[in-house]
Structure formats: structure tokens, C-alpha cells
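Engineer: Numbering (this note's numbering), first residue to last: 754 to 1383.
We treat Cβ as the ideally placed atom computed from N, Cα and C, and that holds for glycine.
One structure follows; several queries about it will come next.
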């Protein structure tokens, strides 16, 4: 019996080596006459995969590969009409008939693989945890993970062989690694292995430590810890310490990442600090999702306190770990003013360098897909391409699709459009930096709230005119005339930043009108000049001449601990100019002038690498000239 396992990836440069392939092989090793074919963790290009004859095809289905898996199942049956296709994974709906959606499948696994293999192969798949067109035998309970043997260590030689073959194709091998399963929370947007709102079960501690040796041995580019709440147990810090020790000893893994425990932050912050110091982690993600209490209650996240997240921020700050704030667009209960306030709240906490948003995706087994929840909130969805990753292979025909909330009882599709436009605008204006420094100056020097400043910009008719191409592009996306959330092949937020820069002088004039109520004279001119010249633009980078010590102001403002404010800053004129000393050649973040790229595509690459993410990558040369004042 020839068995083919498939977990295709759409990411060009990195692939998770599938745990399920090795686990299935381990569980079926005592069944005679099984021949395992090479697994398909990655398929290049459009329709180029070459399948061979297989008696059984095993598919692990996620939102990003379900269409490709359907193609594989279809082609496998063309080669062998008697081929048995068994599918599992979180994209298989448990509360619908999966065979109506995917007639190419013969059986689906509705539980963890450890519960059904090898018994399924010994009983024509008619066992608890398996479903066909004629039977649906449910599995109750969960496997005892502490007693399981590790497939990673048992098949380390084959694992190393697959990793080497991936590297030969210029693909980075990555590991999706579990130390436990289950999650005590039930956030409506989440389906963590269909094990949310359940007791956490743990793998054997010593077994896990041995697995880390294997991941370093195969030179894994990343170990993604796939626990829903990593750091909830104290001894999990040992795994982080070992990953760091292995990185120092062998150079691998080169990256590590985890989804942190929601209300227990001691181990989480210590883990962030170790990984960041070892060069394994660039940023820590703080999953606010929203800041409004009613919205958080609507998505069943009210038991995860934002106060705890703020405590995490403060400790991570003192440990030197850069932070990324996370928000969701399309939460039931949301409105445009509430969504705007979430951004303003995060600005007040000190998120000026990186905030990321995701559209509310309806996963088939998440609580948000439940009919009662959908009816309660009058949820409407749109089905669009799911291509939110820079390494996604967009050349394939089976582009992954997903359902996104576009309307609820608290916002309609027009409101949703405005929320999306505002999201692009505020990311371009503040996070990417088109107006960030003016807003920060007014906030700390004159107590002008971010709501007042950005509210005035948003309400300005000329700003709305400038945003017209962004609004038109997003409208086409929401209406369905475009199926991908891009404009001219560029991400919406980056395209919006380009639009703001093309109109930057006009926008700065509008900002000046707002600022003139509070500031005037040389210092206002310095502020506007600073804001204009600090950005890497499509054009030659200019040296910046300032009279006040405004660079010191921003260096302090941009490095405040979370939630703290800058008060009574002593602005001073610089009276002397000494070009031969460092004293008067002051740097704003980096002392580097960026030359004009040859074309806009190259500019985008420079911008993405330099401007978009971290506070220490804004580039300009600051020269202080002798003031006319005495």
C-alpha cells in the first residue's frame, strides 16, 4: 500500500516540515506492506506538481492550502480511481457536511491523529474520530500527550534529509512545535486545533528537550511554538533557554516565536528577553485585538485583561524588547469611533513604531462560525483571497480563500469601508510616519490628544480627497470586483503611505493650520521641517537644519516607558556650530543619508526595510546651525 502525505505550502522561501507525516509514519510502522512516498510540503509554481500512483492520500488542510489539497485529491483519483483520500486539519468543518464542500475526500478525521491511527487502517476507517458519507463516529476525550513517543527524534535522519532537500531549493526548513495542546479561553475568532475552551495537556518534558536538539541538528530556520498560551507553565522557560543555548552553540535555529499566555506574563517576558538577546526574536506581539470593553465582551475576550497586557508591555520595555500592538478589523460590536479609539489608546501606551491589524476571518470551527453567534450579531461575510504574507506564492492557481466579516449589527458595509480606509490612513500617517512627529509633539508639548489631532485630519475634506484612490480600491475589494486587498499590486497601507507622500506638502500645510493654534515661530518651523525631512522618500534625502534641540525631545518621547508622558521638556536654541565635533552633528536614530533608488519598486524595498517597522531605522542627518538669536 503506497501512502502519500500532503501539507502543501504557499510560502516561497520557508516551509514547515509536517509533524503529521512523521507521526502517521510512526503510528503505522507495525502495519506490513506500507510504502511511504515522499511527502509534499511544498509545491512550486502553477499546476507543476507531479503526483505518482498512491493507494492512500493523507491531507492536512489549513485555510492557506485547502484549495491546493482539493486539486491534489482530484489528481490522485485521476491517476488511481480507487485511491482513498483522508483529510484532516482545522479547515475541515466539524458542524457541516464536509463532503458537500469537498466531494474529492472519502474520509475526514475529526480528532487528533493519535486517537485514530493505526486503528483506522485496521478497521476500514470506521472508528471513533473518523467520518465518511455513511458514518460519523465521534471521539470523546483527548489523547494523553505525556505518554507519546516523539516522531521528531525517531525519524531524525529523514527529517534532516527533507531539510537538506528544501535548502537545495533555497527554501528554509521550519518547525511547528507543540509543548502542549488545549486552551482555557474561547475567543470567538480563534480555533486552536479545535481545542479551545479546554484543559491544557502537556507533552513529556524530557522528550521536548531532546526534540530541540534535533531541530538544531537539522539547521531549522525557525521553531514556531504552536501552543495557544506559551509561558503559562514555569518550566517552559527551560525550552527557551535551551533554544538560545543551541543558537549560540550551533547557529540554529535562527528564529523562534510563540503565542504568549494571556494572563500570566512572568515566564512570557523572561522568554521574550532571552530570545531577543540571542537574536532569535525581533519583536514581541501584544494581542489587544481591541480596547473597547463592549467589543472585547462581544468576542469573548473580556476575561483577558488589557491591564495584564499593559503590565507585559512595561516589563518587556524594561527588558529591551520591541513591541508590536495587534488589532482586529471587523469585530462584532465595533464601530468606526470605537475602532479609531483603539488606535488612540495604543498611541497613548507608546505604540508609535509598529501596530498590525488583521481582518476578522471566520474559521470553520471557531465560535464565530456558530449559527447562534452569527444570528445574534447579524454577521455578513465576504469571501476573498487570503494572501496576507509577503512570501505567499501568488503564481499558483489555487489561491487560498477565506471568509471575512464585512457587516454586523453594529456596522454595515459602508461603515466597514470607512474602518478599512481609516486603518490604512492611520498606519500610513502615524506608524509609517507621515505625520507622526507632529502628533507626538502636540501631545507631549501641548496636551493635544491623538483623537483631536487625527480627528481633525480625518475630518478635513482635502485629506478625504487625497484618500480617494485608497477608498476606491478598498470599495472594489469589499464589493467583489477585486478579490485581493491590494492596490496596484501593493499592500493597502504601503500604497496609502505613497499617496500621503505624494501629497506631503499639502498635508503638512493642513497640519500647520492645526498646530498654529498651539505653537508658532522658529520651533514650529523646526517641527514641520523635521517631519518633512525625517522620512525616506521617493527622492534625494536632504540634510536637516534645525535651530532647537527638537531631536532630543523626540529621542525622549519615542523611548518613554509604556503609558508615561513627557512633561516640561526644556527646549533650547543651539547657538554655536562646530562641524569638526560630534556634539553638533546630532543623529535622529541613524546617521545615514539614503540615496535615491533607481525606481519605485526599489524604493519600496528600501522603505520596507528601513522606515516601516522599528524606531531605530528612520534615517536622516541632523545639522545644527548657529542661531540668529543671542
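With distances taken Cα to Cα, identify the nearest neighbour of residue 1006 among 1021, 1016 and 976.
Structural biologist: What you label residue 1006 is simply residue 253 of the chain shown in a count that begins at 1. Comparing Cα-Cα distances from residue 1006 to each of 1021, 1016 and 976, the minimum goes to 976.
Engineer: Closer than 7 Å by C-beta to residue 1195: which residues in its own chain qualify, once you throw out the five before and the five after it? Chain order, please.
Structural biologist: The residue labelled residue 1195 in the question sits at position 442 within the chain shown. Answer for residue 1195: 1201, 1206, 1268 and 1271, listed in chain order.
Engineer: May I ask which residues mark the beginning and end of the alpha helix (DSSP H) holding residue 847?
Structural biologist: Counting from 1 along the chain shown, the entry for residue 847 is found at position 94. It is not in any alpha helix (DSSP H) - residue 847 carries neither H nor E in the DSSP assignment.
Engineer: Run through DSSP, which three-state label would residue 822 get?
Structural biologist: The residue labelled residue 822 in the question sits at position 69 within the chain shown. Looking at residue 822 - three-state DSSP - the assignment turns out to be helix.
Engineer: Per DSSP, which residues does residue 977 bridge with? Please list them.
Structural biologist: Here residue 977 corresponds to residue number 224 of the chain shown, with the count starting at 1. Paired residue(s): 929 and 1010.
Engineer: What residue does the alpha helix (DSSP H) around residue 1216 start on, and which one ends it?
Structural biologist: Within the chain shown, residue 1216 is the residue found at index 463, counting from 1. First-last of the alpha helix (DSSP H) with residue 1216: 1214–1219.
Engineer: Residue 1216 and residue 1245 look like a contact to me (Cβ under 8 Å); what is the Cβ gap, rounded to whole Å?
Structural biologist: Here residue 1216 refers to the residue found at position 463 when the chain shown is read from its first residue. Here residue 1245 refers to the residue found at position 492 when the chain shown is read from its first residue. With 8 Å as the limit, residue 1216 and residue 1245 do not qualify as a contact, their Cβ atoms being about 16 Å apart.
Engineer: Who are residue 755's beta bridge partners in DSSP?
Structural biologist: Position 2 of the chain shown, counting from 1, holds the residue named residue 755. 788.
Engineer: Taking all protein chains shown into account, do 16 or more other C-beta atoms lie within 10 angstroms of the C-beta of residue 765, making it buried, or fewer, making it exposed?
Structural biologist: Translated into the one-based positions of the chain shown, residue 765 becomes position 12. Residue 765 comes out buried.
Engineer: Rounded to whole angstroms, what is the Cα-Cα separation between residue 1117 and residue 934?
Structural biologist: What you label residue 1117 is simply residue 364 of the chain shown in a count that begins at 1. What you label residue 934 is simply residue 181 of the chain shown in a count that begins at 1. About 19 Å.
Engineer: Would residue 757 be called buried (16 or more neighbouring beta carbons within 10 Å of its own) or exposed?
Structural biologist: Walking along the chain shown from the start, residue 757 turns up at place 4. Per the 10 Å Cβ criterion, buried.
Engineer: In three-state DSSP terms, what is residue 886?
Structural biologist: Working through the chain shown from its first residue, we reach residue 886 at position 133. Correct three-state label for residue 886: coil.
Engineer: Who are residue 983's beta bridge partners in DSSP?
Structural biologist: Looking up residue 983 in the chain shown gives position 230. In the DSSP output, where bridge partners are listed per residue, residue 983 has 1013.
Engineer: So, for residue 903: in the same chain, excluding its five sequence neighbours on each side, which residues have a beta-carbon less than 6 Å away from its beta-carbon?
Structural biologist: Along the chain shown, read from residue 1 onward, the residue named residue 903 stands at position 150. Here the set comprises 960 and 964.
Engineer: What separation, rounded to the nearest whole angstrom, lies between the Cα atoms of residue 1019 and residue 1100?
Structural biologist: Residue mapping note: residue 1019 aligns to position 266 of the chain shown, counting from 1. Residue mapping note: residue 1100 aligns to position 347 of the chain shown, counting from 1. If I take the Cα positions, the gap works out to 24 Å.
Engineer: Taking residue 845 as the reference, which of 816, 1092, 1310 and 1126 has the closest Cα?
Structural biologist: Here residue 845 refers to the residue found at position 92 of the chain shown. The residue with the shortest Cα to Cα distance from residue 845 is 816.
Engineer: Just reading off the beta strand (DSSP E) that residue 838 is part of, what are its end residues?
Structural biologist: Taking the chain shown and counting its residues from 1, the one referred to as residue 838 is at position 85. That run of the beta strand (DSSP E) goes 837–841.
Engineer: So does the segment 890–898 actually touch the segment 863–874, counting three or more Cβ pairs closer than 8 Å?
Structural biologist: In short, these stretches touch, since the Cβ pair count reaches three.
Engineer: On the three-state DSSP scale, how would you describe residue 905?
Structural biologist: By one-based count along the chain shown, residue 905 stands at place 152. Helix, per DSSP.
Engineer: Just reading off the alpha helix (DSSP H) that residue 964 is part of, what are its end residues?
Structural biologist: Along the chain shown, read from residue 1 onward, the residue named residue 964 stands at position 211. That run of the alpha helix (DSSP H) goes 958–970.
Engineer: Closest to residue 1097 by C-alpha separation, out of 991, 1080 and 989, would be which residue?
Structural biologist: Position 344 of the chain shown holds residue 1097. Minimum Cα distance to residue 1097 is reached at 1080.
Engineer: Helix, strand or coil for residue 1269 per DSSP?
Structural biologist: Position 516 of the chain shown, counting from 1, holds the residue named residue 1269. Coil.
Engineer: DSSP three-state call for residue 1206: helix, strand or coil?
Structural biologist: Numbered from 1 along the chain shown, position 453 holds the residue referred to as residue 1206. Helix.
Engineer: State buried or exposed for residue 1221, treating a residue as buried only when at least 16 other CB atoms are found within 10 Å of its CB.
Structural biologist: Translated into the one-based positions of the chain shown, residue 1221 becomes position 468. Classification for residue 1221: exposed.
Engineer: Mind checking which residues open and close the alpha helix (DSSP H) that includes residue 1274?
Structural biologist: For this step, residue 1274 is matched to residue 521 along the chain shown. That run of the alpha helix (DSSP H) goes 1274–1286.
Engineer: State yes or no: is the C-beta of residue 1053 within less than 7 Å of the C-beta of residue 952?
Structural biologist: Numbered from 1 along the chain shown, position 300 holds the residue referred to as residue 1053. Numbered from 1 along the chain shown, position 199 holds the residue referred to as residue 952. For residue 1053 and residue 952, no; Cβs fall outside 7 Å.
Engineer: Starting from the Cα of residue 696, find the closest Cα among 909, 759 and 973 and give me that residue.
Structural biologist: This structure does not reach residue 696, given that the chain is present from 754 up to 1383, and the question cannot be answered.
Engineer: DSSP state of residue 938, grouped into three classes?
Structural biologist: By one-based count along the chain shown, residue 938 stands at place 185. In the structure shown, residue 938 sits in coil (DSSP, three-state: anything other than H, G, I, E or B).
Engineer: Can you tell me where the beta strand (DSSP E) with residue 810 in it begins and where it stops?
Structural biologist: Walking along the chain shown from the start, residue 810 turns up at place 57. Start and end: 809–813.
Engineer: Among 1253, 1138, 1218 and 836, which has the Cα closest to the Cα of residue 1239?
Structural biologist: By 1-based counting over the chain shown, the position of residue 1239 is 486. Here the closest residue by C-alpha is 1138.
Engineer: Note the first and the last residue of the continuous alpha helix (DSSP H) segment covering residue 768.
Structural biologist: As a position in the chain shown, residue 768 is number 15, starting the count at 1. Note, residue 768: premise wrong, no alpha helix (DSSP H); beta strand (DSSP E) at 767–770.
Engineer: What three-state label does DSSP hand residue 879 in the structure shown?
Structural biologist: Against the chain shown, residue 879 aligns to sequence position 126. Correct three-state label for residue 879: coil.
Engineer: Assess, as a yes-or-no matter, whether the segment 1042–1053 is touched by the segment 998–1017 under the definition of 3 or more beta carbon pairs within less than 8 Å.
Structural biologist: No, they do not touch.
Engineer: Thinking C-beta only, is residue 973 closer than 7 Å to residue 1003?
Structural biologist: Looking up residue 1003 in the chain shown gives position 250. Looking up residue 973 in the chain shown gives position 220. No, these two residues do not count as a Cβ contact at 7 Å.
Engineer: Mind checking which residues open and close the beta strand (DSSP E) that includes residue 1041?
Structural biologist: As a first step, residue 1041 must be located in the chain shown, where it is residue number 288. It spans 1037–1042 - the beta strand (DSSP E) in which residue 1041 sits, taken as one unbroken run.
Engineer: Check whether the Cβ of residue 1191 lies closer than 7 Å to any Cβ atom in chain C.
Structural biologist: This model lacks chain C altogether; it includes just one protein chain.
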